[in-house]
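K.L.:
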Amino acid sequence: MSRDLRIAVIDKNPLRAAILEDGLRAAGHMSVVHIDDTADLLGRIHEIDPDVILIDLESPSRDTLEQMFKVSRSVARPIAMFVDRSDAAMIDAAIDAGVSAYIVDGLHKDRVKPILDTTISRFNAFAKLKKELETVKSQLEDRKVIDRAKALVMRAKAIPEEQAYALMRQVAMNENKKIAEVARSIITAAELLR
Amino acid sequence: MTKRLRIGYVPLTDAALLHVAKAQNFADARGIELELVADSSWANIRDKLVAGYFDAAHMLAPAAIAVSLGIGHIEAPLLVPVVLGLNGNAITVSKELFEALLQEAQGDMSNPRVTAKALARIVARRRERAETPVTLGHVFPFSSHHYQLRMWLRAGHIDPDEEVRLVVVPPPFMVETLRKGQVDGFCVGAPWSALAVAAGAGAILHQGTDIVHDCPEKVLAFRAEWALSHKEEVSALAEAVGDASRWAASPSNRSSLVTLLTSTAGKDVTAAMLERILDTSASTSGSALVASGLRLDEDAIKADPAQALWLFAQMVAAGQTTYSDALAEAAAAVYAPALGPPIPRAAATPVVFDGPAFSPNDIPSYLAALEDGRTSA
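Chains as they are written, first to last, in this note's numbering: chain U, 1 to 194; chain X, 1001 to 1377.
Shown next as structure tokens:
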């Protein structure tokens, strides 16, 4: 059994990095180090001497990593980027997920692929989670707006809650709008007319 | 019929012509719907262009050549029908280094030979005292920023690989690294030097144009295979860039250009900075507040294979590859002016402040002369 691969994760999002570290540990990779996306990146890489570097595509520090090929004298072993063009599907999946990887030259593909698979799936899972959170947040937001507008309609027309809501829903249907949009218009109008 | 093209770019002032082509409807008029996608690194730009995520990209000219020749780690032939501008870089140094250079300088600080020799004394002293070597930042291994630093160092007979440290620092981190003393200076494109000066982190030592007059910068690059099977779209976009260039170079459009670029730049970039960046009149270095000299005019955008050869020679000089006739030929072939806008006049040729004259027809002699200059030190 070969020694455990050292993996460095460069991601300015600590939550996503934690999710990824967790996934890699679950897959049996115990030496995972999260590096902050800050200045002395090459120095940190030099200390950690990783076999695999995983980096968030949004990080401009990718360009700093590119330099490792040139200054391989200062880094213990040359590091080659994972753009094995024979595996286009993997590259597409990585770009879609927003992650890139650098691996030590000569490291066997079979050892790297599961790491990349885990990384891509964790990045995707994080993106999905983030999207769901945003949806929930905007639904909550909509709920609040609708309640406020409903109260305004109830007061203005002296009608009960159910009728006010039915009225707003009718307008939304007639105008082919979302009820939250109608609610926002009501609030805007009420503020104007106050 | 309108064709939609997705173009990746790095938010720098010299992405200007792409913004103009879109905002002034030059692309639309030629049947191209432009989708401009900002990205955060040159590595992303390269990978996403090669993988087909972008149809074309705003790319560092030497990076486009390196990818085409397979120097580095990816080999993918690219084609450049049009250049997106010349100049725009500056060498900015920390206040400490500026002061030290002032003390050491024997002559006019606006002369890069004088500052390079002054720097050589500082470099030597730090080495004698076993202090951290002078560290200078640039933006990518294959960039004119990197080569400009090497040219400046060469004039002081400083070995760029042994006596100083050259490191890649992403522009958004430059001000911070300069402040923290992690770098002593850097060569970076507009508007980043202006921002570093505005933040009080450093001073512009030399305009890029003081080092190389008419220095190649960014190009519009396509995958060669795609470009050759979509010649109409390639030419239409390249011609739209040509239209944008004529529009941008017209003095009557200057204020509209500045307004447009202010809206596409980051929040700290002011109209006054952009006015200076776009100023191509005589350079005033040393005390200059902002790098200037970015050229967007028609004579600055022709994809002349001689420029590609000049960049290839700089790669060889930097030890990134070795010279061969075949590689030189391949480098020249990356630039495809036939697919670009018709520009009758010759393209601008880069002129370095120091060292031998360049002839695209005899690169080996040029490289040998560079080598002689080094060994005679």
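All residues carry an ideal CB built from backbone N, CA and C; glycine is no exception.
Remember, it's a predicted structure, so these values are computed and weren't measured experimentally.
To the nearest angstrom, report how far apart residue 1208 of chain X and residue 1308 of chain X are at their CA atoms.
P.N.:
Stepping through the second sequence from its first residue, residue 1208 of chain X is reached at position 208. Stepping through the second sequence from its first residue, residue 1308 of chain X is reached at position 308. Using only the alpha carbons, I get a separation of about 18 Å.
K.L.:
Would you kindly work out how many angstroms separate the C-alpha atoms of residue 1113 of chain X and residue 1120 of chain X, rounded to a whole number?
P.N.:
Indexing the second sequence from 1 puts residue 1113 of chain X at position 113. Indexing the second sequence from 1 puts residue 1120 of chain X at position 120. Cα to Cα, residue 1113 of chain X sits roughly 11 Å from residue 1120 of chain X.
K.L.:
From the DSSP output, in three-state form, read off residue 1293 of chain X for me.
P.N.:
Sequence index remark: in the second sequence, residue 1293 of chain X carries index 293 (1-based). Coil.
K.L.:
Please report the straight-line C-alpha distance between residue 1200 of chain X and residue 1099 of chain X, rounded to a whole angstrom.
P.N.:
What you label residue 1200 of chain X is simply residue 200 of the second sequence in a count that begins at 1. What you label residue 1099 of chain X is simply residue 99 of the second sequence in a count that begins at 1. Using only the alpha carbons, I get a separation of about 14 Å.
K.L.:
Report the CB separation of residue 1140 of chain X from residue 1063 of chain X in whole angstroms; it is logged as a contact under 8 Å.
P.N.:
For this step, residue 1140 of chain X is matched to residue 140 along the second sequence. For this step, residue 1063 of chain X is matched to residue 63 along the second sequence. The pair is a contact, with the Cβ atoms about 6 Å apart (cut-off 8 Å).
K.L.:
So, does the region 1045-1055 of chain X touch the region 1122-1129 of chain X, judging by three or more C-beta pairs under 8 Å?
P.N.:
Contact between the region 1045-1055 of chain X and the region 1122-1129 of chain X is absent, because fewer than three Cβ pairs lie under 8 Å.
K.L.:
Can you check whether the C-beta of residue 64 of chain U is within less than 8 Å of a C-beta belonging to chain X?
P.N.:
To locate residue 64 of chain U, count along the first sequence from 1; it is residue 64. With 8 Å as the cut-off, residue 64 of chain U counts as an interface residue toward chain X.
K.L.:
Could you tell me the distance, in whole angstroms, from the CA atom of residue 1259 of chain X to the CA atom of residue 1253 of chain X?
P.N.:
Taking the first residue of the second sequence as 1, we reach residue 1259 of chain X at position 259. Taking the first residue of the second sequence as 1, we reach residue 1253 of chain X at position 253. In a straight line, the C-alpha of residue 1259 of chain X is about 10 Å away from that of residue 1253 of chain X.
K.L.:
Which chain U residues sit within Cβ distance under 7 Å of residue 1231 of chain X?
P.N.:
Taking the second sequence and counting its residues from 1, the one referred to as residue 1231 of chain X is at position 231. Those within 7 Å of residue 1231 of chain X in chain U number zero; the least Cβ separation is about 25 Å.
K.L.:
Where DSSP assigns a beta bridge to residue 1206 of chain X, which residues make up the other side?
P.N.:
Taking the first residue of the second sequence as position 1, residue 1206 of chain X is located at position 206. According to DSSP, residue 1206 of chain X bridges with X:1091.
K.L.:
For residue 57 of chain U versus residue 98 of chain U, is the C-beta distance shorter than 8 Å?
P.N.:
Counting from one through the first sequence, the residue named residue 57 of chain U turns up at place 57. Counting from one through the first sequence, the residue named residue 98 of chain U turns up at place 98. Yes.
K.L.:
Report buried or exposed for residue 1305 of chain X, applying the criterion of at least 16 other Cβ atoms within 10 angstroms of its Cβ.
P.N.:
Taking the second sequence and counting its residues from 1, the one referred to as residue 1305 of chain X is at position 305. By the neighbour-count rule (16 or more Cβ atoms within 10 Å), residue 1305 of chain X is buried.
K.L.:
Do we get a CB-CB distance below 8 Å when we pair residue 226 of chain U with the residues of chain X?
P.N.:
It is not possible to answer for residue 226 of chain U, since the shown part of chain U is limited to 1 through 194.
K.L.:
Run down chain U in chain order and give the residues with a C-beta less than 7 Å from the C-beta of residue 1044 of chain X.
P.N.:
What you label residue 1044 of chain X is simply residue 44 of the second sequence in a count that begins at 1. Chain U residues near residue 1044 of chain X: 57 and 62.
K.L.:
Need the endpoints of the alpha helix (DSSP H) that residue 30 of chain U sits in, please.
P.N.:
Along the first sequence, read from residue 1 onward, the residue named residue 30 of chain U stands at position 30. Where residue 30 of chain U is concerned, there is no enclosing alpha helix (DSSP H), given that its DSSP letter is neither H nor E.
K.L.:
How would you call residue 94 of chain U, buried or exposed, if buried means at least 16 neighbouring beta carbons within 10 angstroms?
P.N.:
In the first sequence, counting from the first residue as 1, residue 94 of chain U sits at position 94. Residue 94 of chain U comes out buried.
K.L.:
Within the same chain, show all residues whose beta-carbon is closer than 6 Å to that of residue 1335 of chain X, passing over the 5 residues directly before and after it, in chain order.
P.N.:
As a working mapping, residue 1335 of chain X is identified with position 335 in the second sequence. Contacts found: 1080, 1303, 1305 and 1308.
K.L.:
First and last residue of the alpha helix (DSSP H) that includes residue 1173 of chain X?
P.N.:
As a position in the second sequence, residue 1173 of chain X is number 173, starting the count at 1. Its alpha helix (DSSP H) spans residues 1171-1179.
K.L.:
Helix, strand or coil, according to DSSP, for residue 1134 of chain X in the structure here?
P.N.:
Numbered from its first residue, the second sequence carries residue 1134 of chain X at position 134. Note: residue 1134 of chain X maps to coil in three-state DSSP.
K.L.:
DSSP puts residue 1222 of chain X in a beta bridge; with which residues?
P.N.:
For this step, residue 1222 of chain X is matched to residue 222 along the second sequence. According to DSSP, residue 1222 of chain X bridges with X:1056 and X:1079.
K.L.:
Out of curiosity, what's the CA-to-CA distance linking residue 47 of chain U and residue 1212 of chain X?
P.N.:
As a position in the first sequence, residue 47 of chain U is number 47, starting the count at 1. As a position in the second sequence, residue 1212 of chain X is number 212, starting the count at 1. Taking the straight line joining both Cα atoms gives about 37 Å.
K.L.:
Is residue 1359 of chain X helix, strand or coil by DSSP?
P.N.:
Locating residue 1359 of chain X in the second sequence gives position 359, counting from the first residue. Residue 1359 of chain X: coil per DSSP, three-state reduction.
K.L.:
Along the chain, where does the alpha helix (DSSP H) that runs through residue 117 of chain U open and close?
P.N.:
Here the question's residue 117 of chain U lines up with position 117 in the first sequence. Its alpha helix (DSSP H) spans residues 109-157.
K.L.:
If we require 3 or more residues per run, which beta strand (DSSP E) segments fall completely within the region 1305-1338 of chain X?
P.N.:
Those beta strand (DSSP E) runs which fall completely within the region 1305-1338 of chain X and span 3+ residues do not exist here.
K.L.:
Buried or exposed for residue 1210 of chain X, please, with buried defined as at least 16 other CB atoms from any protein chain shown within 10 angstroms of its CB.
P.N.:
By 1-based counting over the second sequence, the position of residue 1210 of chain X is 210. The residue is buried, with at least 16 neighbouring Cβ atoms inside 10 Å.
K.L.:
Work out the CA separation of residue 91 of chain U and residue 112 of chain U for me, nearest whole Å.
P.N.:
Indexing the first sequence from 1 puts residue 112 of chain U at position 112. Indexing the first sequence from 1 puts residue 91 of chain U at position 91. If you take the alpha carbons of residue 112 of chain U and residue 91 of chain U, they lie about 13 Å apart.
K.L.:
Would you please verify whether the beta carbon of residue 1116 of chain X is less than 8 Å from any beta carbon of chain U?
P.N.:
Start at 1 with the first residue of the second sequence, and residue 1116 of chain X comes out as number 116. Cβ-Cβ to chain U under 8 Å: no for residue 1116 of chain X.
K.L.:
Helix, strand or coil, according to DSSP, for residue 99 of chain U in the structure here?
P.N.:
On the first sequence, position 99 is the one that residue 99 of chain U refers to. Strand at residue 99 of chain U.
K.L.:
Mind pulling the chain X residues with CB within less than 9 Å of residue 116 of chain U?
P.N.:
Indexing the first sequence from 1 puts residue 116 of chain U at position 116. Under the 9 Å cutoff, chain X gives no residues; its nearest Cβ is about 14 Å from residue 116 of chain U.
K.L.:
Taking only runs of the alpha helix (DSSP H) that begin and end inside the region 1218-1284 of chain X, which ones reach a length of at least 4 residues, in chain order?
P.N.:
List check, alpha helix (DSSP H) in window: 1224-1229, 1231-1249, 1254-1264 and 1271-1277.
K.L.:
When you check each C-beta in the region 1068-1095 of chain X against every C-beta of chain U, which residues fall closer than 9 Å?
P.N.:
Flagged, chain order: 1072, 1073, 1074, 1075 and 1076.
K.L.:
Could you pull the DSSP bridge partners for residue 1049 of chain X from this structure?
P.N.:
Working through the second sequence from its first residue, we reach residue 1049 of chain X at position 49. BP columns for residue 1049 of chain X are empty, so no partner.
K.L.:
Taking a contact to mean a Cβ-Cβ separation below 8 Å, would you say residue 1440 of chain X touches residue 1296 of chain X in this structure?
P.N.:
Residue 1440 of chain X cannot be examined here, being either before or after the span of chain X that is shown, 1001 to 1377.
K.L.:
Specify the secondary structure class of residue 1140 of chain X as computed by DSSP and reduced to three states.
P.N.:
Reading the second sequence from its first residue, position 140 is the one you call residue 1140 of chain X. In the structure shown, residue 1140 of chain X sits in coil (DSSP, three-state: anything other than H, G, I, E or B).
K.L.:
So, is residue 1025 of chain X buried or exposed, given that buried needs 16 or more other C-beta atoms within 10 angstroms?
P.N.:
Translated into positions along the second sequence, residue 1025 of chain X becomes position 25. With fewer than 16 Cβ atoms within 10 Å of its Cβ, residue 1025 of chain X is classed as exposed.
K.L.:
Report, in whole angstroms, the separation of the C-beta atoms of residue 1061 of chain X and residue 1171 of chain X, which I expect to be a contact under 8 Å.
P.N.:
Here residue 1061 of chain X refers to the residue found at position 61 of the second sequence. Here residue 1171 of chain X refers to the residue found at position 171 of the second sequence. Contact doesn't hold; Cβ gap of about 17 Å is too wide.
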